[in-house]
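Going by the numbering used here, the residue at position 195 of the sequence shown is 1063; the numbering climbs one at a time, nothing skipped. Yeah, the Cβ is synthetic: ideal placement off N, Cα and C, and Gly gets one too. Here the structure is a predicted model, which is why all the values come from computation and not from measurement.
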Amino acid sequence: MKFFIDTANLAQIKEAQALGILDGVTTNPSLMAKEGITGQSNIFQHYLDICEEVEGDVSAEVIATDFEGMVAEGEKLASLHPRIVVKLPMIKNGVKACSYFSAKGIRTNVTLVFSVGQALLAAKSGATYVSPFLGRLDDISTDGMHLISEIRKVYDNFNFETQILSASVRNTMHIINCAKIGSDVITGPLSAIEGLLNHPLTDNGLKQFLKDYAKGNNLHSELQ
Ligand code: E4P
869 MKFFIDTANL AQIKEAQALG ILDGVTTNPS LMAKEGITGQ SNIFQHYLDI CEEVEGDVSA
929 EVIATDFEGM VAEGEKLASL HPRIVVKLPM IKNGVKACSY FSAKGIRTNV TLVFSVGQAL
989 LAAKSGATYV SPFLGRLDDI STDGMHLISE IRKVYDNFNF ETQILSASVR NTMHIINCAK
1049 IGSDVITGPL SAIEGLLNHP LTDNGLKQFL KDYAKGNNLH SELQ
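#1: For the alpha helix (DSSP H) holding Leu1074, just list the boundary residues, first then last.
#2: From Met958 to Gly907, what does the alpha carbon distance come to, in whole angstroms?
#3: Which residue spans inside the stretch 882-962 form an unbroken beta strand (DSSP E) run of at least 3?
#4: For Gly1056, which residues of its own chain have a beta-carbon under 6 Å away from its beta-carbon, when the five flanking residues on both sides are left out?
#5: By DSSP, does Val978 sit in helix, in strand, or in coil?
#6: Of the residues Asp1011, Tyr997 and Val984, which one's Cα is nearest the Cα of Ser970?
#7: Cβ-heavy atom distance between Phe1001 and the ligand E4P below 7 Å?
#8: So who's on the other strand from Ile1054, going by DSSP bridges?
#9: From Asn935 to Glu943, what distance separates their C-alpha atoms?
#10: Is DSSP giving Val1001 helix, strand or coil here?
#11: Can Arg1038 be considered in contact with the ligand E4P, in the sense that its beta carbon sits closer than 7 Å to one or more heavy atoms?
#12: Does the stretch 1058-1070 come close enough to the stretch 1013-1032 that 3 or more CB-CB pairs lie under 8 Å?
#13: I need the DSSP call for Gly985, collapsed to helix, strand or coil.
#14: Would you say the beta carbon of Leu899 comes nearer than 7 Å to a heavy atom of the ligand E4P?
#15: If you draw a straight line from the C-alpha of Glu1018 to the C-alpha of Phe912, how long is it?
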């Protein structure tokens, strides 16, 4: 299972990378704007900066919504760095562009997916990744995790190679449930990834070990 971080924040990307568990980065126009990165040349430079920090795939989203614009922008993005994956919205022209890029061997991530039908189209158009947004479905009282398991079933029925990139992951339970279902990838914030570390018995156990060590080694006063 791959772990991607869903941010354009370089400090957080570095922190996740330092854990040695990071397999890639996803970004979107909102995440770029949140970091104050505006204007095409700054955005392109920022993708390059991100690629320098991680060894895995970096999803870069096109802004154009017409076919020709998507192709031109996607080709530019793909030429920036070999690990850039062109992120395309799940609209008619996005599917068309995905088929075009698949035929050219350019890797893609079809984003804003909220149904099994959309995920089927992404797979049929040869997407490298499909991004169902589970958190946003949960936000509207719809079971996001159910969608991930349905897509898993359908993809397994036909051995589709498109990887399920569960997106809009918001918490540790999302990550754990995605792992149980067999999502190929999750992308979420650093807080959700680091949340996997937490267990009070770990904290209490470590505290006790250090206390006993200090007693045994007569270093108690140093550790106070
Ligand atoms: C996926 O690629 C998106 O960037 C992201 O996961 C959206 O998450 P959000 O619903 O928390 O904004």
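This is what the structure gives:
#1: Pro1068 to Gly1084
#2: 24 Å
#3: 892-894, 925-929 and 952-957
#4: Asp874 and Val1037
#5: strand
#6: Tyr997
#7: yes
#8: Phe871 and Ser1034
#9: Checking the displayed sequence, the identity of residue 935 turns out to be Phe instead of Asn. Answer to the nearest angstrom: the Cα atoms are 12 Å apart.
#10: Contrary to the premise, residue 1001 reads as Phe rather than Val in this sequence. If DSSP states are grouped into helix, strand and coil, Phe1001 belongs with the strands.
#11: yes
#12: no
#13: helix
#14: yes
#15: 35 Å
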